[in-house]
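A.B. asks:
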Amino acid sequence: KSMISRFEALFSNALDGVETLLTTIMPREKMSLEVVGAAIQMWVEYRVTIGKEYLNVSHPEEWAAALDHTVRKVNFQEVPLEKLAMWYETTEGDIRQGHTELVKTLDIMPCDYRYFRGEENPLDKLVEAAVMLEELEQRFRAE
């Protein structure tokens, strides 16, 4: 029965408490709807990834603040943790803890393609440089 209720919560059309906070606070604090969507995507992917593991959402403000913080870091739009803690009425420690959990579970990296919403992703330059280096190496070694 609890598994059924988790699937209903996961795939229902209604926003949960975390998503409601994200869609209320992030736009109020000047974040674009694309970045808000990335935070919600991160939340859904986190819940899917942990599967049947217990997820405590009795304090949605903690998760919302951690998601906001993480998606801002990915997009180079960070704000001090004390501001986030104030906006979401939680603690800096809870935000750090949630951020660490999200990064570890979803293997999030800077400019992560899943959540980056800027015009140009800096990782593209790294990929281009790696390809160019490989081509130069092949040319150098060619006879």
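Each residue of the sequence shown is one higher than the one before, starting from 172 at the first, in the working numbering.
Ideal Cβ placement from N, Cα and C applies to all residues, glycine included.
Spatial neighbours of Leu220 within its chain, please: CB distance less than 8 angstroms, with the 5 preceding and 5 following residues excluded, ordered by chain position.
C.D. replies: Residue identity check: residue 220 is Thr in the sequence provided, not Leu. Counting only Cβ-Cβ distances below 8 angstroms, and skipping sequence neighbours, we find Thr276 and Leu277.
A.B. asks: Give the straight-line distance between the Cα atoms of Ala256 and Glu232, rounded to the nearest whole angstrom.
C.D. replies: Looking at the two C-alpha atoms, the distance is approximately 9 angstroms.
A.B. asks: Would you report the Cα separation of Ser203 and Arg243, rounded to the nearest angstrom?
C.D. replies: Their Cα atoms are separated by approximately 11 angstroms.
A.B. asks: Buried or exposed: which applies to Glu260, given that a residue is buried once 16 or more other Cβ atoms fall within 10 Å of its Cβ?
C.D. replies: Glu260 comes out exposed.
A.B. asks: Going by alpha carbons, who is nearest to Arg285 out of Pro198, Thr195, Glu308 and Trp214?
C.D. replies: Nearest option by C-alpha distance: Trp214.
A.B. asks: Smallest Cα separation from Glu190: which of Lys223, Lys201, Ala237 and Gly222?
C.D. replies: Of Lys223, Lys201, Ala237 and Gly222, the residue nearest in Cα terms is Ala237.
A.B. asks: Short check: CB of Arg288 to CB of Ala209, under 8 angstroms?
C.D. replies: Yes, the pair counts as a contact, with Cβ atoms nearer than the cut-off.
A.B. asks: By alpha-carbon positions, which one of Val206, Pro198, Lys201 and Arg218 ends up nearest to Asp187?
C.D. replies: The option with the nearest alpha carbon to Asp187 is Arg218.
A.B. asks: Curious, which full-length alpha helix (DSSP H) runs of at least 4 residues does the stretch 192-227 contain?
C.D. replies: List check, alpha helix (DSSP H) in window: 204-221.
A.B. asks: Roughly how many whole angstroms lie between the Cα atoms of Glu224 and Glu305?
C.D. replies: The alpha-carbon atoms of Glu224 and Glu305 are separated by roughly 42 angstroms.
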